[in-house]
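Residue numbers (this note's numbering): 873 to 1169. The beta-carbon is built from N, C-alpha and C at its ideal position, and this holds for glycine as well. Remarks on the structure that follows.
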């Protein structure tokens, strides 16, 4: 068996503050930036001071002009709210980094709805964002949901167990752990359960797998699972991006003979020291690992 040792290098980033938009303004302590789409629309980019309940309006007026509030812009600020209420005019929830216990939506919004403080598409088929400061240790996704959006559960601090419903057909690879090494992960998650009659996903020892077109893929290894060593079951052919990202306890990983492909980003974790494999594996980044000499095992 071959041993793959992963070495990750950290880089120092120098932040350069630049005001690229002359159309940024504030109204009632909320910061907006004008969208250059030919219409008078703005995205929310932050707040000027601490706000417990953030209620976003449908429209804002600045310098005599009215703007429709339609989007949440990316921001590097760490904003914390007890409640975020989205207006009827919102069309995009490309959320930046912020923390909240509850998400509400205007009943007149044609694209989104809120159920029990969680954000969904209007038809309740898509889970868009789970509030990352919600105190519940477990959550059962409603039976209507068929898709979990990218980053939907990232930065959750208290969620330990999650149950996926029988109709689920799509789970984005980064829905639990976020994109990029420095992004927030669902760092208390220990187990993922799947309804027994789901034809596309299943759980084995709390680990989430996908089975489509006869191919088995490991989707997510819960980052707070206590095991120091994990043996990926034989039959798994691929491992999703971010699957083992920043696992708190996992030190050693043993890959099966059946594995054919995995992304280098699946193994981004400071605690993961050793990966053993019994066959050649196609990886999408040859610089992410260094192979030792072959060893029989």
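Quick one: is residue i buried, meaning 16 or more other Cβ sit within 10 Å of its Cβ, or exposed?
i: residue 1069; result: exposed
i: residue 980; result: exposed
i: residue 909; result: exposed
i: residue 1129; result: exposed
i: residue 963; result: exposed
i: residue 933; result: exposed
i: residue 1010; result: exposed
i: residue 887; result: Residue confidence is low: residue 887 scores 38 on pLDDT, short of 50, so the model does not pin down where it sits. Its coordinate-derived value is still stated next. That one is exposed.
i: residue 1003; result: buried
i: residue 1082; result: buried
i: residue 1118; result: buried
i: residue 1012; result: exposed
i: residue 995; result: exposed
i: residue 1087; result: exposed
i: residue 1151; result: exposed
i: residue 1084; result: exposed
What are the partner residues of residue i, as DSSP defines its beta bridges?
i: residue 1035; result: 1012, 1065
i: residue 1082; result: 1073, 1089
i: residue 1048; result: DSSP, once it has assigned bridges, lists no residue as partnering residue 1048.
i: residue 1110; result: 1089, 1133
Quick one: residues in its chain with C-beta nearer than 6 angstroms to the C-beta of residue i, no 5 flanking neighbours on either side, listed in chain order?
i: residue 1041; result: 1018, 1072
i: residue 1103; result: 1126
i: residue 1097; result: 1062
i: residue 895; result: 906
i: residue 926; result: 953, 956
i: residue 1154; result: 1133
i: residue 1067; result: 1037, 1038
i: residue 1080; result: 1064, 1091, 1092
Enumerate in chain order the residues of its own chain whose CB-to-CB distance from residue i is below 8 angstroms, with the five nearest sequence positions on each side excluded.
i: residue 1000; result: 965, 984, 991, 992, 993, 1021, 1024
i: residue 976; result: 955, 956, 957, 958, 986, 989
i: residue 931; result: 938, 939, 940, 941, 961
i: residue 1121; result: 1096, 1097, 1098, 1099, 1100, 1143
On the three-state DSSP scale, how would you describe residue i?
i: residue 1137; result: helix
i: residue 1017; result: coil
i: residue 1053; result: With a pLDDT of only 44 at residue 1053, under the threshold of 50, the placement of this residue in the model should not be trusted; the figure read from the coordinates follows. Three-state DSSP puts residue 1053 in coil, outside helix and strand.
i: residue 901; result: coil
i: residue 1148; result: strand
i: residue 925; result: strand
i: residue 1120; result: coil
i: residue 895; result: coil
i: residue 1097; result: coil
i: residue 1153; result: coil
i: residue 1104; result: coil
i: residue 1002; result: coil
i: residue 983; result: coil
i: residue 915; result: strand
i: residue 1026; result: coil
Going along the chain, which residues of its own chain have a beta-carbon closer than 7 angstroms to the beta-carbon of residue i, five neighbours each way excluded?
i: residue 937; result: 912
i: residue 997; result: 1016, 1017, 1018, 1019
i: residue 1005; result: 971, 972, 973, 1029
i: residue 899; result: 932, 934
Item to check | Ranges of the beta strand (DSSP E) found wholly within the stretch 933-977, counting only runs of at least 3 | outcome: 937-944, 951-958, 970-977
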